[in-house]
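Numbering-wise, the sequence shown is residues 1 to 490 according to the UniProt record's numbering.
Just so it is clear, CB atoms sit at the ideal spot from N, CA and C, and this is done for glycine as well.
Given the structure is predicted, the values throughout are model-derived calculations rather than measurements.
Right, one structure below, let's go through it.
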Amino acid sequence: MVNFRKYISGVAVLAAGFFFAQSTVSTVLYAPGYENQNSSLNLPSPITSMVEKTVLSAKELVDINVNTMMTDPVLKNATWGFVVYDPKTKKVISSYNENTPLVPASTTKLLTTETAMSMLGENYRWNTQLEYSGSVDENGVLNGNLYIVGSGDPSLGTNKAGAWAYRDIILDFKEGLSREGIKKVNGDIIIQTALFKGNISKLPENVVWLESNNYYLPAGTTREINPANEKLIVKKSANFSTEKKFFYVSPYNNQMVYADKYEGEGILTTKLPDAPAYLANTFRTTLVKGGIPVTGKVTPKMTDANPESRKMISTYKSPTLGDIIHYTNQHSDNGLAEALLKTVGFQSLGDQTTESGRKVVTDHLKKEGFDMMGLNYIDGSGLSRSNNVTPISQVKFLTSLMDEKYYKTYFNSLPVGGQSGTLKKMFNGLGNGQVFAKTGTLNRVKTLAGYMKTNTGKTLVFSLLVNNYTGSVDMVKKRMEKILEPALDL
């Protein structure tokens with residue numbers, strides 16, 4: 001912890017000759033309330049700007065701002081930790097509660113996305129293929145089946161990260177049929193993918209399942225759900241509830257799942273389709289409307305003991321993993337993060353479950369020397385309140401990445417203060433274009449971890465995790481800026 005008293009006493013002496021600075025100490029110790037938060041954020045003002053610029057070093061300003069925030073009404077009852085670290089000297093410049101395990105919220109994605117990039121490479125792509133079995137006769141009739149073979153592409157049909165929309169993929173598939181001279185399909189359209197099956201029955205621990213009454217954690221499959229208008233009825237008072245559990249109707253696997261707490265309303269909506277099924281059904285509809293009859297139906301076939309001989313028609317390649325990670329971190333996309341977790345699990349262990357993904361990520365972190373003390377890694381996105389990490393482990397982890405070959409791509413995936421992503425509305429004054437960090441937000445949790453470029457040309461690494469604060473999230477964000485801004489002069 002920084003020493004508050006020595007800086008205050010030094011300021012008191014040195015400030016005597018500066019423009020009525022006799023009130024400086026009382027200004028430091030006084031932290032206004034937040035009753036008028038609608039009209040003002042009521043930031044504490046530790047020292048007059050004249051004294052700041054003339055007397056104190058940048059490090060002293062960081063330390064004194066941290067000490068002042070300890071008595072600020074928004075943070076004084078919160079549990080929070082802070083570290084600013086110099087990767088060149090490998091030394092902590094300033095810190096507070098740096099070894100305290102805290103809920104990291106979406107800064108968890110720093111671990112998930114780095115693991116995926118390290119294991120798969122930034123140029124990794126998912127393929128979705130159109131194939132056919134049987135033969136095409138002289139009249140252009142395919143006596144066989146069409147196959148849509150997926151590989152778990154988390155961006156399929158979403159337009160995210162430059163991914164194609166469904167209609168674009170379908171147009172490409174239609175052109176493939178034309179090249180093969182296929183004018184009629186006398187068979188089925190078979191979906192074949194063994195990834196991300198709907199086998200979940202219990203939600204991951206303490207997951208924030210809802211936001212604004214919309215589902216936003218993809219688990220399993222959304223087969224049979226119309227993404228345009230589906231409404232799912234949830235009964236808060238379930239007669240079958242035992243041990244005070246709350247039950248949900250899961251849109252992902254057509255069954256009941258349960259969690260310890262329910263925070264939503266009675267009617268929920270979803271806009272997440274089962275991507276391969278949605279693609280296949282839309283493809284069939286488009287073919288029929290376009291004058292290419294399909295006699296069979298769309299049917300899934302997860303495994304095939306005796307696969308038919310097939311010929312490739314067309315392959316759709318996803319955006320690169322680097323592009324998808326950029327979108328994930330810029331937009332804090334929970335769906336993509338969870339898909340990345342399952343992808344690394346599948347690639348390493350042949351199993352698409354969250355449990356396998358967790359094992360792969362934590363094993364990777366151990367191998368890379370991550371400080372596991374205080375780490376509890378539950379999901380890939382940071383939605384779970386059971387996630388924990390220490391500020392010091394975050395900064396040392398981010399420091400270690402600076403020597404990796406993919407560091408530039410990883411660094412560029414982070415939101416930029418005042419300019420892009422989830423940091424666009426922070427650091428609009430000081431720090432604009434100088435803070436590169438992942439944000440995190442849950443109810444009463446606000447976090448920020450990443451890098452900063454100082455005015456002297458240094459790159460510093462920092463972590464600032466705030467749990468159980470008082471007041472609004474905007475008030476916390478302003479205090480986070482207040483803590484970090486002096487570090488720009490280090």
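Approximately 5 Å separates the beta-carbon atoms of Ala280 and Val298; this is inside 8 Å, confirming the contact.
Looking at the backbone, the Cα of Leu375 and that of Thr328 are separated by about 22 Å.
Residue range Val473 to Leu484 is occupied by the alpha helix (DSSP H) that includes Lys478, with no beta strand (DSSP E) assigned at that position. Membership of Val361 in the alpha helix (DSSP H) is indicated by the continuous run Thr354 to Lys367. Within 10 angstroms of the beta-carbon of Asn127 lie fewer than 16 other beta-carbons, which makes it exposed.
Note that the C-beta distance between Leu120 and Leu130 is not below 8 Å.
For Arg125, the three-state secondary structure derived from DSSP is coil. Residue burial annotation: Ser57 is exposed, with fewer than 16 other C-beta atoms found within 10 angstroms of its C-beta. For Met312, same chain residues with a beta-carbon under 7 Å away, outside a window of 5 residues either side, are Gln129 and Glu131 in chain order. Rounded to the nearest whole angstrom, the CA to CA distance from Trp164 to Thr315 is 13 Å. Residue pairing of Gln192 in beta bridges, as defined by DSSP: Val149. The shortest C-alpha to C-alpha distance from Asp333 to any of Lys90, Lys88, Thr113 and Asn99 is the one to Thr113. Ile325 and Asn467 have their alpha carbons spaced roughly 26 Å apart. For Ala449, the enclosing beta strand (DSSP E) begins and ends at Val445 to Lys453. If you draw a 10 Å sphere on the C-beta of Pro293, you find fewer than 16 other C-beta atoms in it, and that means exposed. Rounded to whole angstroms, the gap between the alpha carbons of Ile64 and Gln330 is 32 Å. Non-local C-beta neighbours of Thr343 in its own chain, meaning closer than 7 Å and more than five positions away in sequence, comprise Ala116 and Gly152, ordered along the chain. From the listed residues Met70, Gly418 and Lys91, the smallest Cα separation to Leu460 is found for Lys91.
Listed as beta-bridge partners of Trp80 by DSSP are Val466.
Distances from the alpha-carbon of Ser133 to those of Thr354, Asn186, Gly157 and Glu122 put Asn186 closest.
Per DSSP, Pro300 lies in no alpha helix (DSSP H) segment; the continuous beta strand (DSSP E) that holds it begins and ends at Val298 to Pro300.
The three-state reading of DSSP puts Met312 in strand, counting E and B together. For the pair Glu122 and Lys76, the Cα-to-Cα distance works out to about 42 Å.
Within the same chain, Tyr85, Pro87 and Val461 come within 7 Å of Thr399 by CB-CB distance, once the 5 residues on both sides are set aside.
Look at Val395 here: in three-state DSSP terms it is helix.
In this structure the segment 337 to 357 does not lie against the segment 432 to 449, because fewer than three pairs of beta carbons, one per stretch, are closer than 8 Å.
Within its own chain, the residues whose Cβ lies closer than 8 Å to the Cβ of Gly181, once the five positions on either side in sequence are excluded, are Val136 and Gly140, listed in chain order.
At the C-beta level, Tyr410 and Leu423 stay beyond 8 Å of one another. By the Cβ-count criterion, Gly322 is buried, with 16 or more other Cβ atoms from all chains shown falling within 10 Å of its own Cβ. The C-alpha of Tyr166 is placed about 42 Å away from the C-alpha of Thr390. Judged by their CB atoms, Gly382 and Leu341 are not nearer to each other than the 8 Å cut-off. Around the beta-carbon of Lys425, fewer than 16 other beta-carbon atoms lie within 10 Å, marking it exposed. For Leu460, the beta-bridge partners assigned by DSSP are Met452. Going by DSSP, Asn143 is part of the beta strand (DSSP E) stretching over Val141 to Asn143. Distance between Ala487 and Leu349, taken at the CA atoms: about 43 Å.
Inter-residue distance for Ala305 and Asn143 is about 21 Å (C-alpha atoms, whole angstroms).
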